[in-house]
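Enquirer: Read in order, the letters of the sequence shown correspond to residues 1 to 316 in the working numbering.
By construction, the Cβ of each residue, glycine as well, lies at the ideal position given by its N, Cα and C atoms.
Bear in mind the structure is a predicted one, so any value in this text is a computation, not a measurement.
To start, I am sharing the structure in question, which I have written as structure tokens.
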Amino acid sequence: MNYNEFEIIKKYFTKPSSDKNILQGIGDDAAIINSNESIVITTDTLIEGVHFPKDTPAEIVGSRSLAINLSDIASMGAIPKWCTMSISFAEANEQWISNFSKGFFKLADQYKVSLIGGDTNKGDMSISINLIGQIDRKPLLRSGGNIGDDLYITGSIGDASAGLDIITKQASLDNEAYNFLVNRFYYPSPRIMECNEISLFANSAIDISDGLVSDLSHLCNASNCGAEINIDLLPLSEALSISYPSKDAIDYALNGGDDYEICFSAPKSNRKILDKLSKRLKTPFTRIGKLKKGDQVKILYKNKPYIYSGNGYKHF
1 MNYNEFEIIK KYFTKPSSDK NILQGIGDDA AIINSNESIV ITTDTLIEGV HFPKDTPAEI
61 VGSRSLAINL SDIASMGAIP KWCTMSISFA EANEQWISNF SKGFFKLADQ YKVSLIGGDT
121 NKGDMSISIN LIGQIDRKPL LRSGGNIGDD LYITGSIGDA SAGLDIITKQ ASLDNEAYNF
181 LVNRFYYPSP RIMECNEISL FANSAIDISD GLVSDLSHLC NASNCGAEIN IDLLPLSEAL
241 SISYPSKDAI DYALNGGDDY EICFSAPKSN RKILDKLSKR LKTPFTRIGK LKKGDQVKIL
301 YKNKPYIYSG NGYKHF
């Protein structure tokens, strides 16, 4: 393909928006937006061979690169609105770029996110997205947890990490459970609406990107407390439970990353309302433990200490 940078941007990444708060979008040195609400900003970078396997279909890379940023916005209780993207690739392959664009904009349209700027470069495959959201209420922070709070998890955990192992080991996908786990890695489900409503009843939250224990430790450090979780209460999917021995499934749930579910804490007095909210949104909120005095995350199995190895994903 002989397109230059500006032709690539115009053909594959420029899309009209009806958002009147975009005063200047793609086509100038910078974008200009108008907001009467508090702004929430996040950034994530995906590198081929580190955050997704080489030869991952471009449509999946496009969708997943936005999804993980959406999860950060979700964990704050905010609503995503606008984003910029910087993308590098060794060769400007038209079919790859077209498929990437389709995957990206399919998810962007679903969550009403407008791409308002960015950059393209020649180099090793990487995608960096800056996502901007708005919030009209008290944000959910890692530092808001209180001793005695219940701990919850949305959805199920451990699936994505197991799915990544299936992909990298090139296991057979003629198995419905395996397909489910692989798709949980490829297509995370950002909990935007769930967290926007949870924020009215919760004290703190964090998205599970590096593993439950690792990310819960970050929440505890920020909230100056410890935590106690019961692994017999962990929300494991049927696909994970039937595909792996119990110990392996538990390890994926505790230590595996890439779930992009939300771990949040809330007062005991909000149990009933959170149960009703979970049913209305048709998203499970599973109570797995509580915040306690101390500075460690303690893991119990049937109320007895459980010894496990692993500390979650490490970036360096």
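Please name the residue or residues paired with VAL40 in a DSSP beta bridge.
Expert: DSSP, once it has assigned bridges, lists GLY133 as partnering VAL40.
Enquirer: Mapping the DSSP letters down to three states, classify MET85 as helix, strand or coil.
Expert: Of the three classes helix, strand and coil, the one that applies to MET85 here is strand, per DSSP.
Enquirer: In whole angstroms, what is the alpha-carbon distance linking ILE97 and ALA74?
Expert: Going from the Cα of ILE97 to the Cα of ALA74 covers about 27 Å.
Enquirer: What are the partner residues of LYS54, as DSSP defines its beta bridges?
Expert: Paired residue(s): none; LYS54 is not in a bridge.
Enquirer: Please list the terminal residues of the continuous alpha helix (DSSP H) segment that includes PHE104.
Expert: That run of the alpha helix (DSSP H) goes 94 to 110.
Enquirer: So which of ASN270, TYR252, ASN230 and GLY226 has the shortest CA-CA distance to SER237?
Expert: It is TYR252.
Enquirer: Can you tell which of LEU131, GLU197 and TYR308 has its C-alpha closest to the C-alpha of ASN270?
Expert: Closest by alpha carbon: GLU197.
Enquirer: If we count Cβ pairs, one from each stretch, closer than 8 Å, do we get three or more for the stretch 145 to 157 versus the stretch 225 to 243?
Expert: In short, these stretches touch, since the Cβ pair count reaches three.
Enquirer: List the whole-angstrom C-beta distance separating ILE9 from ILE26, where the pair is believed to meet the contact cut-off of C-beta under 8 Å.
Expert: The Cβ separation is near 7 Å, so the contact holds.
Enquirer: Going by beta-carbon coordinates alone, are PRO204 and ARG142 separated by less than 9 Å?
Expert: It should be pointed out that residue 204 corresponds to Ser in this sequence rather than to Pro. Taking 9 Å as the Cβ cut-off, SER204 and ARG142 qualify as a contacting pair.
Enquirer: Find the nearest neighbour of LEU164 within the set GLY256, ASP28, ALA90 and ALA266, judged by alpha-carbon distance.
Expert: Out of GLY256, ASP28, ALA90 and ALA266, GLY256 has the C-alpha closest to the C-alpha of LEU164.
Enquirer: Between the C-alpha atoms of SER262 and LEU46, what's the straight-line distance to the nearest angstrom?
Expert: Going by the sequence as given, residue 262 is Ile instead of Ser. C-alpha separation (whole angstroms): 20 Å.
Enquirer: Applying the 10 Å Cβ sphere with the 16-neighbour rule, what's the burial state of ALA30?
Expert: Its Cβ having fewer than 16 others within 10 Å, ALA30 is exposed.
Enquirer: The beta strand (DSSP E) that contains PHE264, what's its start and end?
Expert: That run of the beta strand (DSSP E) goes 262 to 266.
Enquirer: Along the beta strand (DSSP E) that carries PHE285, what are the first and last residues, could you check?
Expert: Where PHE285 is concerned, the enclosing beta strand (DSSP E) stretches over 285 to 292.
Enquirer: Check whether the stretch 182 to 200 touches the stretch 124 to 142, counting contact only when three or more Cβ pairs, one atom from each stretch, lie closer than 8 Å.
Expert: Taking 8 Å as the limit for Cβ pairs, the verdict is that the stretch 124 to 142 does touch the stretch 182 to 200.
Enquirer: Can you give me the C-alpha to C-alpha distance between ILE60 and ILE206, rounded to a whole angstrom?
Expert: Between ILE60 and ILE206, the C-alpha separation is close to 24 Å.
Enquirer: Check the C-beta distance from ILE79 over to ILE127 and give it rounded, since I have them as a contact under 8 Å.
Expert: Between ILE127 and ILE79 the Cβ distance is about 22 Å, and since that is not below 8 Å, they are no contact.
Enquirer: In the structure shown, what three-state DSSP assignment does ILE320 receive?
Expert: Because the chain spans 1 through 316 in this model, residue 320 falls outside it and cannot be assessed.
Enquirer: Indicate the three-state DSSP secondary structure (helix, strand or coil) for HIS315 in the structure shown.
Expert: No answer about HIS315 holds up, because its pLDDT of 42 lies below 50 and its placement is not dependable.
Enquirer: Alpha carbon to alpha carbon, how far is LYS290 from ILE250?
Expert: Cα-Cα distance, rounded: 19 Å.
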